Structure formats: structure tokens, C-alpha cells
């Protein structure tokens, strides 16, 4: 009785771990099967960017907020809100770096692209936060992020899921 | 009561088993009953004394338990504090692994406690249940930390769904009610979110909740089929049935609201899939269950059907001052149906011997009547009239429940004779 229950619990724990894998499948797949692209990156929070070991990033070569510039009528606004949700950003090479094009709503046929979400207005592609291990104050990665000379190494898989591998000073 | 009997010394000619713990209320009842038996000549003096001698008074709250609980709470709070204060310096992987360690630690602790309980019987059931509940909750921390560590870009309902599935798996692995309650609640929440994520209209919300209710009630009823009351599976059916009852009352509550919300209100795939599952399990429950089971399943199905009709029968009620005849009719039908279903649950609570069902149904009735009265009937009913109405409804419920109880007692007698 007891041993069978212990066996059942062990099996349940294994199954639960597999379920976690299902929940985080997209970034996990990108991390292990994705193609590597390099994007320019800087800190998003310029007031106190290194308060802890996690840094919010922004990508100058990707479309930022989807909020349209200038006057927008009520109906245009509603149309925009109805459209928001899954957003695709096609990527194209520019020298050693990659840059993103405008947001499209249909999945691109070819080439690396990012599958993002802009239902909360801000474009979220799963690469917005970096862990910068706490080191010395003159850490080269932090210095590069501050001065805008940093690049992010990102892996993108065939369906656009992205995973941030690391942030480096651009050479 | 002035019972003078004190548990006498154990009578030597009986093989003396381990004394069993009982609360003082239980012992008081037993002593009165034994006295009746002795007076009727059912048992002799020696047997009566032996029966009384088998039980010892057990105080529910002992000093040891208070200290143990307090100690566990302090250690738990300290751990959470430590983790929270140092979390922002940990790498994503360390964060995730820490949650896994906490979760597995709780699962192992629960397992050790369960062994101890089986071997020595020293671990009280609520302590074991609490640790298992914590283990099922900690699994949620693992799921969400995993998603955060890997930066899942959209925190959709899938994470809650995975948590629900994990909690249910664990609950059935240990046959534990506490993690099961969490799992069922999460599963219902996940389903409602999945539907509202696509279409956040009242029609979809009310239908999703009512559908989840039919599934929960039917699954609960099926637990009881083929197993005796009080045994493992039947006990696991109780949270399904009772959470299902809560969902029935909630879904109907939303469906009966007079307000109109925009939203497509149809064509949500998840709702159709949910309805298909509900149809299958409800049919099984209706076919296999006994009379009480059929009443319980039928109530949930009725609430779903009426809820859908009420949701579709909506007027563009923007101003509550000038209600049309149709709107009045809808309001009266909604109130009548809600009262019928809530009373059904109050009676069912009596039949199932569940105080929670009866009180839950009564509380839902009060809330529903108050909301409907302030939302719709405020124009014609004063506060005083509202209270009289609620009172009358409660008295009616009480009388019905009492009649149900008396009938049960009568049927019980007939079955015995």
C-alpha cells in the first residue's frame, strides 16, 4: 500500500516536470534548435538600470511601441486594438547585425522572424530581460549597455520563438 | 445533560484493544446512548462499561499541535522571506531550481508524514493535508518560475492549465482531498480564462462556468458510483460535487444579470469542446447514478440550459429606470429559476448530509436576491420589502430542507424494517 503510493507519487512528480516542459516549450525549443542572430541592445530603464541583477532591455532596431504617432480617430483606435495580439517582426541582416522590419500580422513565409505579442501595447518577444551577474561596478557588459555599444545574442527558431542567450559588448 | 456516568475501568474478560480517541461531544453522545441501551436491556452493565472504556477524550487542540503549527508557520514564513529577499540576485536557472527544491521537498515531507501516520498514527490528518496542499501550491511556483526564467512572452491561461493538471495528478497519486480542491478550482479557473481570452462577453463567461460546473458535478457523481460512501474514491468525489455546486450557482448568477455586454458571444471553440465533454460525463452520471446522483446532475444540467437561455434572452438594458415588459419578465424568470436551483441545493445538502452545500446555497441565495433587488427591483421594492422577501425565501428554504430531512429519516426507517 505504502510502496505503491510512493511509486505513484514519484510517477506524478516526473509527469509534473514534463508538464512544466510543455508550458515553457516555445523558449526552450528556440534555445536548443534556433538560429543565432545578433541584435543591437540597450537598457530600457535609464534611471536606475542596475538596481538588481536583472536588466530590462530595449532593442533600437526592433519596432518599439505600436502606439501610432499623431492624431488618431476613435475608429482607427478600435481597429488597432482589435488587431493587436500576435505580431510578427521579420528580421534581415545588416552587416554583422540583424534588424527588424515593421510589424506584420500574418506569419512570414520565410526567413528568420520574431513571434511577438503586443496585446499589452508594448511589443513582447520573450527577450526583454537579461540577467547580468553582479560583478564589479566597471563590468564590461554593464558599461556597454549604458553606452549603447552592446549586442544581444538571440536564438530564433523556425516558428519565430526567441530566446536570449546573452548580452555582450559589441566588438 | 446530567449524565453521571464516568468511564469505568476496563472490564478484564474482554480483550482490551487500544483506546480510541473521541471528542468530548462524541463521548457525551455515546454515554447517553449506552445508558439507553443498558436501560432497555440491550447490553448488560459489564458490556456497557467495556464499550465506554474503549474511548478516551481527545482534545482537538493540544499544546503540542499549536506549537508544531506555529513552528511550521514561522519556518515557512522565514523561508519565503529569505527567498523573496535574495531572489533578485539569483540567475534564472538558480531561481527555477530553488522552486523545484522547495516543491520536491514538500512532496517528500508529505510522503514521510504519510508513512509516519500509517505506521504510528501520530500525525493528524489536517497536518498531512496542509503539507500536501502546500506541495500542490508549490508546483504552481515551479511552473510560473519556469515561465519567468525562460521568458515565456505571453502569460496565457496555459500556465494555470498546467498547474491545474499537475495538482490533479498529485491529488490522485496521494488520494488527497486538499490538493484535489486546489486542482479542481484551478481547472475551472483555467477553463473560464481560456474561454474569456477569446471572447470576454457575459454569455461566454456564464456558459463556460456553467459547463465547468456540469463536468465537475458529473465527475464527482461518477466517483461515487460503484464505491461505498466513505471509502477512498467516494471521498474524492465530494470536492468535485461541491465545487461544482458553487460553479452552478455562480454561472447562473452571471447569466441572470440584466446587463448587456458587447462581445461576439458565440463561436468559442473551447466552449463547444467543454459542452461536448459535459454531455458525455453528464450522460454517464445520469445513467449510472442513483436517485440522489441523478437529482444532483440534473440540477447542474438544468442550470446550464437555463443559463444559456437567459444569456441569449438579453435586452439592451442600458437604463434601469424604464424597463419594458420583456425585461421585467426576464427578471422574474431569472429570479424564479435561481430560487428553484438554490433551494434544490439546500435540499440536496440535507440529502447528502453536507452542511457546506446547504449553507453555500443559502448564502448564494441571499447574495443573488440582494443583487437582483438593487439592480432590477429597486424601483418597486423598498429596502424593507427586500428584507421581508429574503426572509420569506429563507423560511421557504428551511421548510423544504426540513421536509427533505424528515422524508429521509422516514425512508431510512422503511429501508431498515
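Chains as they are written, first to last, in our numbering: chain A, 883 to 1053; chain B, 6 to 422. We put the beta carbon where it would ideally sit given N, CA and C, even for glycine. These numbers come from a predicted model, not from an experiment.
For residue i, is the classification buried or exposed, using 16 other Cβ atoms within 10 angstroms of its Cβ as the cut-off for buried?
{"i": "residue 407 of chain B", "result": "exposed"}
{"i": "residue 115 of chain B", "result": "buried"}
{"i": "residue 916 of chain A", "result": "buried"}
{"i": "residue 397 of chain B", "result": "exposed"}
{"i": "residue 29 of chain B", "result": "exposed"}
{"i": "residue 400 of chain B", "result": "exposed"}
{"i": "residue 220 of chain B", "result": "buried"}
{"i": "residue 1008 of chain A", "result": "buried"}
{"i": "residue 25 of chain B", "result": "exposed"}
{"i": "residue 126 of chain B", "result": "exposed"}
{"i": "residue 929 of chain A", "result": "exposed"}
{"i": "residue 1043 of chain A", "result": "buried"}
{"i": "residue 290 of chain B", "result": "buried"}
{"i": "residue 209 of chain B", "result": "buried"}
{"i": "residue 11 of chain B", "result": "Confidence is the limiting factor: at residue 11 of chain B the pLDDT is only 45, short of 50, which leaves the residue's position unreliable and the question unanswerable from this model."}
{"i": "residue 57 of chain B", "result": "buried"}
{"i": "residue 974 of chain A", "result": "exposed"}
{"i": "residue 257 of chain B", "result": "buried"}
{"i": "residue 170 of chain B", "result": "buried"}
{"i": "residue 172 of chain B", "result": "buried"}
{"i": "residue 41 of chain B", "result": "exposed"}
{"i": "residue 412 of chain B", "result": "exposed"}
{"i": "residue 375 of chain B", "result": "exposed"}
{"i": "residue 298 of chain B", "result": "buried"}
{"i": "residue 895 of chain A", "result": "buried"}
{"i": "residue 183 of chain B", "result": "buried"}
{"i": "residue 305 of chain B", "result": "buried"}
{"i": "residue 229 of chain B", "result": "buried"}
{"i": "residue 9 of chain B", "result": "With a pLDDT of only 44 at residue 9 of chain B, under the threshold of 50, the placement of this residue in the model should not be trusted, and no figure is reported."}
{"i": "residue 365 of chain B", "result": "buried"}
{"i": "residue 137 of chain B", "result": "buried"}
For a contact meaning CB atoms closer than 7 Å, what does residue i contact in chain B?
{"i": "residue 1000 of chain A", "result": "None at all; the shortest Cβ gap to chain B is about 10 Å."}
{"i": "residue 954 of chain A", "result": "Going along chain B, no residue has its Cβ under 7 Å from residue 954 of chain A, so there is no contact; the nearest lies around 21 Å."}
{"i": "residue 909 of chain A", "result": "155, 156, 157"}
{"i": "residue 905 of chain A", "result": "148, 151, 152, 163, 164, 167"}
With respect to the beta strand (DSSP E) encompassing residue i, which residues constitute its N-terminal and C-terminal limits?
{"i": "residue 996 of chain A", "result": "995-999"}
{"i": "residue 969 of chain A", "result": "968-976"}
{"i": "residue 343 of chain B", "result": "No beta strand (DSSP E) holds residue 343 of chain B; the alpha helix (DSSP H) holding it covers 330-357."}
{"i": "residue 1037 of chain A", "result": "1032-1038"}
{"i": "residue 26 of chain B", "result": "25-27"}
{"i": "residue 1044 of chain A", "result": "1044-1051"}
{"i": "residue 922 of chain A", "result": "917-925"}
{"i": "residue 979 of chain A", "result": "979-982"}
{"i": "residue 992 of chain A", "result": "Taken as a continuous stretch (DSSP letters only), residue 992 of chain A belongs to no beta strand (DSSP E), as it is neither H nor E."}
Output, in chain order, the set of chain A residues within a Cβ distance shorter than 7 Å of residue i.
{"i": "residue 97 of chain B", "result": "1013"}
{"i": "residue 171 of chain B", "result": "898, 901"}
{"i": "residue 240 of chain B", "result": "Under the 7 Å cutoff, chain A gives no residues; its nearest Cβ is about 15 Å from residue 240 of chain B."}
{"i": "residue 174 of chain B", "result": "894, 897, 898"}
{"i": "residue 116 of chain B", "result": "888, 891"}
At which residues does the alpha helix (DSSP H) containing residue i begin and terminate?
{"i": "residue 147 of chain B", "result": "130-154"}
{"i": "residue 209 of chain B", "result": "207-229"}
{"i": "residue 113 of chain B", "result": "97-125"}
{"i": "residue 312 of chain B", "result": "296-317"}
{"i": "residue 932 of chain A", "result": "Element bounds for residue 932 of chain A: n/a, residue is neither H nor E."}
{"i": "residue 184 of chain B", "result": "182-203"}
{"i": "residue 175 of chain B", "result": "163-179"}
{"i": "residue 375 of chain B", "result": "360-380"}
{"i": "residue 284 of chain B", "result": "274-293"}
{"i": "residue 964 of chain A", "result": "956-965"}
Since residue i meets chain A, which of its residues come closer than 8 Å, beta carbon to beta carbon?
{"i": "residue 178 of chain B", "result": "887, 890, 891, 893, 894"}
{"i": "residue 112 of chain B", "result": "891, 895"}
{"i": "residue 144 of chain B", "result": "898"}
{"i": "residue 109 of chain B", "result": "895"}
Output, in chain order, the set of chain B residues within a Cβ distance shorter than 9 Å of residue i.
{"i": "residue 1046 of chain A", "result": "156"}
Would you say residue i reaches chain C, if we count a Cβ-Cβ gap shorter than 8 Å as a contact?
{"i": "residue 78 of chain B", "result": "Among the chains of the structure shown, chain C does not appear; the protein chains present are A and B."}
*Hey, is the stretch 240-248 of chain B in contact with the stretch 328-336 of chain B, meaning 3+ C-beta pairs nearer than 8 Å?*
These segments do not touch.
*On the three-pair Cβ rule with 8 Å, is the stretch 954-973 of chain A touching the stretch 886-903 of chain A?*
Not touching, per the Cβ criterion.
*Report yes or no: do three or more beta-carbon pairs, one from the stretch 247-254 of chain B and one from the stretch 274-284 of chain B, lie closer than 8 Å?*
Output reads no: the stretch 274-284 of chain B does not touch the stretch 247-254 of chain B.
_Three or more C-beta pairs under 8 Å: does that hold for the stretch 187-201 of chain B against the stretch 921-940 of chain A?_
Too few Cβ pairs lie closer than 8 Å, so no.
_Three CB pairs or more closer than 8 Å across the stretch 120-137 of chain B and the stretch 153-173 of chain B_ = At 8 Å Cβ cutoff, the stretches do not touch.
*Do three or more CB pairs link the stretch 1023-1042 of chain A to the stretch 987-1005 of chain A at distances below 8 Å?*
The answer is yes - the stretch 987-1005 of chain A touches the stretch 1023-1042 of chain A, with three or more Cβ pairs under 8 Å.
*asked:* Pairs of beta-carbons, one from the stretch 130-150 of chain B and one from the stretch 95-114 of chain B, closer than 8 Å: are there three or more?
replied: Output reads yes: the stretch 95-114 of chain B touches the stretch 130-150 of chain B.
*Given 8 Å as the limit, is there contact between the stretch 193-212 of chain B and the stretch 310-320 of chain B, that is, 3 or more CB pairs closer than that?*
Touching, yes, given that three or more Cβ pairs across the two stretches are closer than 8 Å.
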